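S.K.: In this note's numbering, the protein residues as written are 125 to 566. Just so you know, even glycine gets a beta-carbon here, dropped at the ideal spot from N, CA and C. Note that the structure is predicted; figures quoted are calculated from it, not measured. Mind looking over this structure? Questions follow.
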């Protein structure tokens, strides 16, 4: 019987050339079908996932917050990876000799539902810690509940620095929040600067058009780029935060070409598929890269019928690189459990969050949140996605994952000899699995 067998679930319910327009419609139709499958899900509350039938006092329950854990790729990665961590812990004695159990809450990606599920996990399931979340909007919705309950929460997936600012401004109230990954939105911008500083000359990019969908999640990265761009030898010939409703990028790409950009460098999540499909269908005199959230999905190449080939993206997941000794440990266990080589990036951070909590509890010989805060503040931990240390309480972003150059990777979608799409790491050099390939129409 699988973990989810214990749970009740209820299924929920044009460009400038005609060739470009037809290709775009074909690609978007394929992508839309996959998107529907990835977001169709369940709205019932998830029950406790039991690790063993031990008596109260002999177990430690970890609360897992995830959007649609049976269908959404981020939510599924969080729940599955937490289970992998739980199973590995229980095989080696649990936490301080106590069996580890999980209680999963389906946030449905809704801030309101996330608050309900958080309260259920803490007040009814009596969890020692909560992990997960996935999106910034959900994290911002529950941060006051975390403070009120004085129960540790270790974030996996959400990058907003707004909660870290609360820790800085009112430490005693908000000190229970830590972020296992990814790095916060401002540090994502630093990773952009580091990548371009190293790679732009090798790629032949003398100038770029800097683009971002106008959502709050990427504003920190945008501001970091504005502050730090003078430190790289690269001309920014166009800057645009485009409207969230944008679904046709033809005019944007034409403008970038007119300005003489060698590439567009984008920050996109909600509008990412339209952006990359239009780029491939239009075949502009531009290369394509940046933070592209959906492109991190391992099945994305098939989802968009290869439209992401040659596109470059940022990833917090290893993507075949052995970032630490813990990377293959997690990936092998995940493969054994689910028959898939690895999850999306949220899975790595969920696994690390559970393992990190266990390590802190072992060091402190307790699962009491107040006692674990100073332990986590000083911890140095090897995770599956990189080294974990947290910024100190006097830092601008206390309790955020400290940025380590090279832990955030850049990859390119390439095609192997069999015609299959592969995510190949191209930066940093020490983790590279392939060299960059220029789009064939260029």
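(1) Counting C-beta neighbours from all protein chains within 10 Å, is the total for residue 433 16 or more, i.e. buried, or is it exposed?
(2) Could you spell out where the alpha helix (DSSP H) holding residue 374 opens and where it closes?
(3) Under the three-state reduction of DSSP, which class applies to residue 156: helix, strand or coil?
(4) Extract the residue ranges of the alpha helix (DSSP H) inside the segment 422-476, only unbroken runs of 4 or more that lie entirely within it.
(5) Reducing DSSP to helix, strand and coil, say where residue 257 ends up.
(6) Closest to residue 335 by C-alpha separation, out of 387, 320, 243, 477, would be which residue?
(7) Taking the alpha carbon of residue 217 as the point to measure from, which residue in 316, 430, 548, 486 has its own alpha carbon closest?
(8) How long is the line joining the alpha carbons of residue 553 and residue 508, rounded to whole angstroms?
(9) Measure the beta-carbon distance from residue 227 to residue 185 and round it to whole angstroms, keeping in mind my assumption that it falls under 8 Å.
(10) Going by DSSP, what residues sit across from residue 185 in a beta bridge?
(11) I need the boundaries of the alpha helix (DSSP H) containing residue 496, first residue and last residue.
(12) Using 8 Å as the Cβ pair cut-off and three pairs as the minimum, do the segment 430-450 and the segment 398-417 touch?
(13) Just to confirm my understanding: we take residue 379, look at its own chain, exclude 5 residues before and 5 after, and list those with CB closer than 6 Å. What are they?
(14) Which term fits residue 282, buried or exposed, when burial requires 16 or more other beta carbons within 10 angstroms of its beta carbon?
(15) Considering residue 409, what are the terminal residues of the alpha helix (DSSP H) in which it resides?
(16) Comparing alpha-carbon positions, which option in 530, 489, 515 lies nearest residue 442?
(17) Note the first and the last residue of the continuous alpha helix (DSSP H) segment covering residue 197.
(18) Going by CA-CA distance only, name the one from 446, 381, 204, 489 that's closest to residue 220.
(19) Between residue 242 and residue 302, what straight-line distance do the alpha-carbon atoms span, to the nearest angstrom?
(20) Taking its Cβ as the centre, do 16 or more other Cβ atoms sit within 10 Å of residue 605, making it buried, or is it exposed?
(21) On the three-state DSSP scale, how would you describe residue 342?
(22) DSSP three-state call for residue 517: helix, strand or coil?
(23) From this set, 408, 245, 258, 252, which residue's C-alpha is nearest residue 233's C-alpha?
M.R.: In terms of the structure at hand:
(1) The residue given as residue 433 occupies position 309 in the chain shown. By the 10 Å Cβ count, residue 433 comes out buried.
(2) Taking the chain shown and counting its residues from 1, the one referred to as residue 374 is at position 250. Segment 374-382, the alpha helix (DSSP H) holding residue 374.
(3) Indexing the chain shown from 1 puts residue 156 at position 32. Low local confidence applies: a pLDDT of 49 at residue 156 is under 50, so the model's placement there is unreliable, and no value is given.
(4) 424-427, 450-462
(5) The sequence position of residue 257 within the chain shown is 133, counting from 1. Looking at residue 257 - three-state DSSP - the assignment turns out to be strand.
(6) Here the question's residue 335 lines up with position 211 in the chain shown. Closest option to residue 335, Cα to Cα, is 387.
(7) The count along the chain shown starts at 1 and reaches residue 217 at position 93. The option with the nearest alpha carbon to residue 217 is 486.
(8) Position 429 of the chain shown holds residue 553. Position 384 of the chain shown holds residue 508. Going from the Cα of residue 553 to the Cα of residue 508 covers about 19 Å.
(9) Residue mapping note: residue 227 aligns to position 103 of the chain shown, counting from 1. Residue mapping note: residue 185 aligns to position 61 of the chain shown, counting from 1. Right, their Cβ atoms sit about 6 Å apart.
(10) Within the chain shown, the letter at position 61 stands for residue 185. Paired residue(s): 225.
(11) As a position in the chain shown, residue 496 is number 372, starting the count at 1. Unbroken alpha helix (DSSP H) run through residue 496: 493-502.
(12) yes
(13) Looking up residue 379 in the chain shown gives position 255. Cβ neighbours of residue 379 beyond the five flanking positions: none.
(14) Start at 1 with the first residue of the chain shown, and residue 282 comes out as number 158. Burial call: buried.
(15) Residue 409 sits at position 285 when you count from the first residue of the chain shown. No alpha helix (DSSP H) holds residue 409; DSSP gives it neither H nor E.
(16) As a first step, residue 442 must be located in the chain shown, where it is residue number 318. Out of 530, 489, 515, 530 has the C-alpha closest to the C-alpha of residue 442.
(17) Taking the first residue of the chain shown as position 1, residue 197 is located at position 73. From DSSP, the alpha helix (DSSP H) with residue 197 extends over 197-215.
(18) Stepping through the chain shown from its first residue, residue 220 is reached at position 96. Residue 220 has its Cα closest to that of 489, out of 446, 381, 204, 489.
(19) Residue mapping note: residue 242 aligns to position 118 of the chain shown, counting from 1. Residue mapping note: residue 302 aligns to position 178 of the chain shown, counting from 1. The alpha-carbon atoms of residue 242 and residue 302 are separated by roughly 16 Å.
(20) Not covered by the structure: residue 605. The range shown for the chain is 125 to 566.
(21) Counting from 1 along the chain shown, the entry for residue 342 is found at position 218. Residue 342 falls in the helix class under three-state DSSP.
(22) The residue you call residue 517 lines up with position 393 of the chain shown. DSSP places residue 517 in coil when its eight states are reduced to three.
(23) Within the chain shown, residue 233 is the residue found at index 109, counting from 1. Ranking the options by Cα distance to residue 233, first place goes to 258.
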